[in-house]
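Asker: Just passing along the structure, written as structure tokens.
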Amino acid sequence: MSKAEILASIRKQKGTQVSIRKIAQTGGSALSVSELRNLFIENLKGAGAEVVCLKREEADTYIASAWENVLDFSKPEVIAEYPATCSLEKLNRIEHAVLQGNLGVAENGAIWLEDKDLPHRIIPFIAQHLIFTLETNKIIATMQDAYQQIDLKDTGYGVFISGPSKTADIEQSLVYGAHGARELTVLLI
Amino acid sequence: MTTHARRARQFLANKSRADWHDRTLWFVRQKRDRIAATVPEWENLREQASRIKKEALANLDVYLEQLETEAIRNGVRVLWAKDAGAFNRIVLDIIRQHGAKNIVKSKSMLTEECGLNRFLHSKGIEVVDTDLGERIIQFRQEMPSHIVLPAIHLKKEEIGETFHEKLGTEKGASDPSYLTQAARRHLREKFLAADMALTGVNFAVAETGTVVVCTNEGNADMGVHAAPVQVHCMGIEKIIPKQEDLGIFTRLLARNATGQAVTTYTSHYRKPKPGGAMYIVIVDNGRSKYLGHPKYNDSLKCIRCGGCLNTCPVYRRSGGHSYGYVIPGPIGSILAPQKDVQKYRDLPFASSLCGSCSNVCPVKIAIHEQLYFWRQDLTRQKRTSFIKRFSMKATGFFLSENTRYNFIGIMARWAIRYVPRGLLYLPFNVWGRGRELPAPPAQSFKQWYRRRVKS
Ligand code: SF4
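Keeping their order, the protein sequence lines are chains A and B. The numbering of the first sequence is numbering that gives the first Met the number 0, which starts it at 0 and goes up by one. The numbering of the second sequence is numbering that gives the first Met the number 0, which starts it at 0 and goes up by one.
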């Protein structure tokens, strides 16, 4: 009922609107790989995240030595333990969660995750401390470039995360750890 | 005195708070300027954003149906509400159908606009607002005073007091970090027990059937992923045609809102979780009526970034509550009369018409022009006060003809000098309430000029 009425009202009204085609997209960035990497790191730190640069073969040892009770969700045995049907009580006990990032955006430090990276969609939010691994060559310049690379039709859910959860709702003073992860560490490989 | 002016006076009664409010929002505005300046193509992005929105509005029916088709294909149920009443009933139906008891909601100006919380409360259903600022004002039973910073009118001591009462925090404690942690614990319990999550929508992508929600706290995601049922509520104007368009809007939104490069979380919901249910509710509530309006339809491009509030000299010095409408500030002042022209007839006058709002708007709405159009329409419809109309007519009469103009000039210079103050500042001199008349010059510009040319 409502639908037909709304569409009829839109059709009656929209006659006077002129459709305007978009102007050309601004093209990719001229930044080099290392400039992109530096900008990405600077933005992540600005958003309250920690960044550690590592070689691929060092990652596992680093993770194991830096945190106790750490769950690395790139490992099949860990994924198997936390299926989509997993109880919230169990998920709520996650201290440190390691997830693999797909794409990093230099202009704002955002990292893209989608369903295939997430055994359960709530993990990056419910964990107290979130750790991303990301390959340096997956850093691109802007959000516009990012949406050229991802395909929303490939995933039921996807998210850009650019730091620990935060709020400034009390007198505009910045506090980390509002509802989501209190800390974010990015391991750049 | 108009309603806005009266409420603004209350706000200004506490001078130190009013100054704080002014300074804090100006600081946000400066942050916005700094970060916008780091994007060389900023102006180009604004132009593109404006054009995408125009295109979306020009073909709104097509894009909405495309969104629906895509969403249904993704296993999402799509419902349409023509007004606030229909919207509230739809949400109630969904709640009853799923037997939901514990409902969490992340920020949505649309549900505020429709009075959803109040409606559900009257049916015995409580909704927990999970955005920290919204939870604070929900505890205090107030309205948000800003569309992005809902509790900006409060001081930390007041919030501490509220939390002491509602959450049992220590009496007198007002440290923002301590209070935030208390809220985190309290709301985490609510999330874990949630059986339904409601959210607003920042952008809905017709091409893919995705709805996008931006938060810093992560509260939308905590709720949506914890609860088996997720309900996303959007106004019809939230639609954008393509995935690639998101690239432009996500570059503009947070920078323009709070001066951040991006919100901490930019979440894209497209399919329900395994075993879960997902709904999109599309709401008109008076929007389509203005879609074809030659003067006012541009306001539908708004992405609710709050930039025009932060910059507005009137908003900063009168507070969000002085507007009396869910959306305050410059954008609220042009949207409110679309809802109820008589009730909100004073809002288009709550502006200096400086145009700063239009300069910062990321989708290039000419807000100050619309304020001016409203003033013209309201005056034509005789909705403004008699004193205002009369004095405008009189001013027009004297300014439009040479002899009359010279005469009133002489009279005014004489009057300011000799008429007693009590008479000049009679109650109907509304203008003189907050302003001083200038010292009268010895001669008018014309007189001065004539003498100068002669000599
Ligand atoms: S009118 Fe423009 S500046 Fe104001 S809230 Fe809307 S998009 Fe932002």
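Don't be surprised by glycine CBs; every beta carbon is placed ideally from N, CA and C. Since the structure is predicted, the reported quantities are computational estimates derived from the model, not experimental observations.
(1) Output the boundary residues of the alpha helix (DSSP H) element that contains B/ARG430.
(2) Looking only at C-alpha atoms, which of B/ALA225, B/ILE151, B/ALA85 and B/CYS311 sits nearest to A/SER86?
(3) Within 7 Å: the Cβ of B/ILE366 and any heavy atom of the ligand SF4?
(4) Check for me: the alpha helix (DSSP H) holding A/GLU182 runs from which residue to which?
(5) Going by the beta-carbon positions, is the gap between A/HIS128 and A/ALA180 smaller than 8 Å?
(6) Out of B/ARG450, B/ILE407, B/SER390 and B/PHE444, which one is the CA nearest neighbour of B/VAL429?
(7) Confirm, please, whether the CB-CB distance from B/ALA365 to B/SER357 is below 8 Å.
(8) Given this structure, state the Cα-to-Cα distance separating B/ALA219 from B/THR263, to the nearest angstrom.
(9) Would you say the beta carbon of B/ARG286 comes nearer than 7 Å to a heavy atom of the ligand SF4?
(10) Please confirm whether any heavy atom of the ligand SF4 lies closer than 7 Å to the CB of B/CYS304.
(11) Beta-carbon separation of A/LEU183 and A/PRO163 under 8 Å?
(12) For B/VAL280 and B/LEU66, what's the separation of their Cα atoms in angstroms?
(13) Less than 7 Å between the CB of B/ILE330 and some heavy atom of the ligand SF4, yes or no?
(14) Considering only the alpha carbon of each residue, which of A/PRO118, A/SER64 and A/GLU34 lies closest to A/VAL104?
(15) Distance, Cα to Cα, B/LYS52 vs B/LEU299?
(16) Return helix, strand or coil for B/GLU164, following the three-state DSSP convention.
(17) Please tell me whether, using a cut-off of 7 Å, the distance from the CB of B/PRO361 to the nearest non-hydrogen atom of the ligand SF4 is below it.
(18) How would you list, in chain order, the residues of chain B whose beta-carbon sits under 8 Å from the beta-carbon of A/ASN42?
(19) Determine the DSSP secondary structure at A/SER161, reduced to helix, strand or coil.
(20) Please confirm whether any heavy atom of the ligand SF4 lies closer than 7 Å to the CB of B/CYS356.
(21) Leaving out five residues on either side along the sequence, give the residues of the same chain with a beta carbon under 7 Å from the beta carbon of B/TYR261.
(22) By DSSP, does B/ALA150 sit in helix, in strand, or in coil?
(23) Assign B/THR129 to one of two classes, buried (16 or more other C-beta atoms within 10 Å of its C-beta) or exposed (fewer than that).
(24) Taking its Cβ as the centre, do 16 or more other Cβ atoms sit within 10 Å of B/ILE71, making it buried, or is it exposed?
(25) Roughly how many whole angstroms lie between the Cα atoms of A/ALA58 and A/VAL97?
(26) On the criterion of 16 or more Cβ atoms from any shown chain inside 10 Å, does B/TRP79 qualify as buried, or is it exposed?
(27) In three-state terms, what does DSSP make of B/THR402?
(28) Against chain A, does B/ASP220 count as a neighbour if the rule is that its beta carbon must be under 8 Å from one of theirs?
(29) For B/SER321 versus B/PHE26, is the C-beta spacing smaller than 8 Å?
(30) Alpha carbon to alpha carbon, how far is B/TRP373 from B/ASN344? Give it in angstroms, no decimals.
(31) Just to confirm the assignment: which complete alpha helix (DSSP H) runs, minimum length 4, are found wholly within the segment 66-120 of chain B?
(32) Does the beta carbon of B/TRP79 come closer than 8 Å to any beta carbon on chain A?
(33) Under the DSSP definition of a beta bridge, which residues are partnered with B/ALA410?
(34) Taking B/THR265 and A/LYS152 to be in contact with their CB atoms under 8 Å, please state how far apart those CB atoms are, rounded to whole angstroms.
(35) When the Cα atoms are used, what is the spatial distance from B/PRO39 to B/ASN309?
(36) Just to confirm the assignment, what range does the alpha helix (DSSP H) spanning B/HIS3 have?
Answerer: Reading from the atomic positions:
(1) One-based indexing of the second sequence puts residue 430 of chain B at position 431. The sequence shown places Trp at residue 430 of chain B, not Arg. Neither: B/TRP430 is in no alpha helix (DSSP H) and is coded neither H nor E.
(2) Taking the first sequence and counting its residues from 1, the one referred to as residue 86 of chain A is at position 87. Ranked by Cα distance from A/SER86, the options B/ALA225, B/ILE151, B/ALA85 and B/CYS311 are led by B/ALA225.
(3) The count along the second sequence starts at 1 and reaches residue 366 of chain B at position 367. For the ligand SF4, at least one heavy atom lies less than 7 Å from the Cβ of B/ILE366.
(4) Residue mapping note: residue 182 of chain A aligns to position 183 of the first sequence, counting from 1. Element bounds for A/GLU182: not the alpha helix (DSSP H) but the beta strand (DSSP E), 182-187.
(5) To locate residue 128 of chain A, count along the first sequence from 1; it is residue 129. To locate residue 180 of chain A, count along the first sequence from 1; it is residue 181. Cβ atoms of A/HIS128 and A/ALA180: closer than 8 Å.
(6) For the purposes of this step, residue 429 of chain B is taken as residue 430 along the second sequence, with counting starting at 1. Closest by alpha carbon: B/SER390.
(7) Within the second sequence, residue 357 of chain B is the residue found at index 358, counting from 1. Within the second sequence, residue 365 of chain B is the residue found at index 366, counting from 1. Against a cut-off of 8 Å, the Cβ pair of B/ALA365 and B/SER357 comes out as a contact.
(8) The residue you call residue 219 of chain B lines up with position 220 of the second sequence. The residue you call residue 263 of chain B lines up with position 264 of the second sequence. B/ALA219 and B/THR263 have their C-alpha atoms spaced approximately 12 Å apart.
(9) Position 287 of the second sequence, counting from 1, holds the residue named residue 286 of chain B. False, no ligand heavy atom lies under 7 Å from that Cβ.
(10) Position 305 of the second sequence, counted from the first residue, corresponds to residue 304 of chain B. In this structure, the ligand SF4 has a non-hydrogen atom nearer than 7 Å to the beta-carbon of B/CYS304.
(11) Indexing the first sequence from 1 puts residue 183 of chain A at position 184. Indexing the first sequence from 1 puts residue 163 of chain A at position 164. Closer than 8 Å, so yes.
(12) Taking the first residue of the second sequence as position 1, residue 280 of chain B is located at position 281. Taking the first residue of the second sequence as position 1, residue 66 of chain B is located at position 67. Between B/VAL280 and B/LEU66, the C-alpha separation is close to 11 Å.
(13) Counted from its first residue, the second sequence places residue 330 of chain B at position 331. Flag set: Cβ of B/ILE330 near the ligand SF4.
(14) Position 105 of the first sequence, counted from the start, is the residue given in the question as residue 104 of chain A. Cα-wise, what sits closest to A/VAL104 is A/GLU34.
(15) On the second sequence, position 53 is the one that residue 52 of chain B refers to. On the second sequence, position 300 is the one that residue 299 of chain B refers to. CA-to-CA, the gap between B/LYS52 and B/LEU299 works out to about 8 Å.
(16) The sequence position of residue 164 of chain B within the second sequence is 165, counting from 1. If DSSP states are grouped into helix, strand and coil, B/GLU164 belongs with the helices.
(17) For the purposes of this step, residue 361 of chain B is taken as residue 362 along the second sequence, with counting starting at 1. Within the cutoff, so yes.
(18) To locate residue 42 of chain A, count along the first sequence from 1; it is residue 43. For a Cβ distance threshold of 8 Å, residue set ALA260 of chain B lies close to A/ASN42, ordered along the chain.
(19) In the first sequence, counting from the first residue as 1, residue 161 of chain A sits at position 162. A/SER161: coil per DSSP, three-state reduction.
(20) The residue you call residue 356 of chain B lines up with position 357 of the second sequence. Yes, Cβ of B/CYS356 sits closer than 7 Å to a heavy atom of the ligand SF4.
(21) Position 262 of the second sequence holds residue 261 of chain B. Tyr is not the amino acid found at residue 261 of chain B; the sequence shown has Val there. Close CB contacts of B/VAL261 within its chain, under the 7 Å cut and outside five residues either way in sequence, are with THR249 and ALA253 (chain order).
(22) The residue you call residue 150 of chain B lines up with position 151 of the second sequence. B/ALA150 falls in the coil class under three-state DSSP.
(23) Along the second sequence, one-based indexing puts residue 129 of chain B at 130. Looking at its Cβ environment, which holds 16 or more other Cβ atoms inside 10 Å, B/THR129 is buried.
(24) For this step, residue 71 of chain B is matched to residue 72 along the second sequence. B/ILE71 is exposed by the Cβ-count criterion.
(25) The sequence position of residue 58 of chain A within the first sequence is 59, counting from 1. The sequence position of residue 97 of chain A within the first sequence is 98, counting from 1. Cα to Cα, A/ALA58 sits roughly 11 Å from A/VAL97.
(26) Looking up residue 79 of chain B in the second sequence gives position 80. Within 10 angstroms of the beta-carbon of B/TRP79 lie 16 or more other beta-carbons, which makes it buried.
(27) For the purposes of this step, residue 402 of chain B is taken as the residue at position 403 of the second sequence. Residue state, collapsed to three classes: helix.
(28) Counting from one through the second sequence, the residue named residue 220 of chain B turns up at place 221. The beta carbon of B/ASP220 sits closer than 8 Å to some beta carbon of chain A.
(29) Looking up residue 321 of chain B in the second sequence gives position 322. Looking up residue 26 of chain B in the second sequence gives position 27. No, these two residues do not count as a Cβ contact at 8 Å.
(30) Mapped onto the second sequence, residue 344 of chain B falls at position 345. Mapped onto the second sequence, residue 373 of chain B falls at position 374. Checking the sequence shown, residue 344 of chain B turns out to be Arg, not Asn. Each residue's alpha carbon lies about 9 Å from the other.
(31) Counting only runs of 4 or more residues that sit fully inside the segment 66-120 of chain B, the alpha helix (DSSP H) segments are 83-97 and 108-113, in chain order.
(32) In the second sequence, residue 79 of chain B corresponds to position 80, counting from 1. It does: the Cβ of B/TRP79 has a partner Cβ on chain A nearer than 8 Å.
(33) Start at 1 with the first residue of the second sequence, and residue 410 of chain B comes out as number 411. It should be noted that the sequence gives Met, not Ala, for residue 410 of chain B. For B/MET410, DSSP records no beta bridge to any residue.
(34) Along the second sequence, one-based indexing puts residue 265 of chain B at 266. Along the first sequence, one-based indexing puts residue 152 of chain A at 153. About 17 Å; that fails the 8 Å criterion.
(35) For the purposes of this step, residue 39 of chain B is identified with residue 40 of the second sequence, where counting begins at 1. For the purposes of this step, residue 309 of chain B is identified with residue 310 of the second sequence, where counting begins at 1. Taking the straight line from one Cα to the other gives about 23 Å.
(36) Sequence index remark: in the second sequence, residue 3 of chain B carries index 4 (1-based). DSSP places B/HIS3 inside the alpha helix (DSSP H), whose first and last residues are 2-12.
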